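Numbering (my numbering), first residue to last: 312 to 367.
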């Protein structure tokens, strides 16, 4: 197993910053519920193609 580190902030940091901007400044989130559902559908499809059952 090889771990690689890329320069820059983690995705969690970006998500937290976007949330803070939404709360403090009323800025819209960069993604919405539709994006989240589409993302989970893609992940479920990856599981199925790997011969696994998606959770839920």
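For glycine and all other residues, C-beta sits at the position ideal for the given N, C-alpha and C.
All values derive from a computational prediction rather than experimental measurement.
Exercise. What number of angstroms, rounded off, separates the C-alpha of residue 320 from the C-alpha of residue 326?
Worked result: 10 angstroms
For this session: Starting from residue 320, follow the alpha helix (DSSP H) in both directions and report where the run begins and ends.
Result: Residue 320 -> no alpha helix (DSSP H), and no H or E assigned at all.
Problem set entry | Cα-Cα separation between residue 362 and residue 322, rounded to whole angstroms | 28 angstroms
For this session: Please list, in chain order, all residues of the same chain as residue 318 whose beta carbon is under 6 angstroms from its beta carbon, the five residues on each side excluded.
Result: none
For this session: Output the distance between the C-alpha atoms of residue 332 and residue 324, rounded to the nearest integer angstrom.
Result: 12 angstroms
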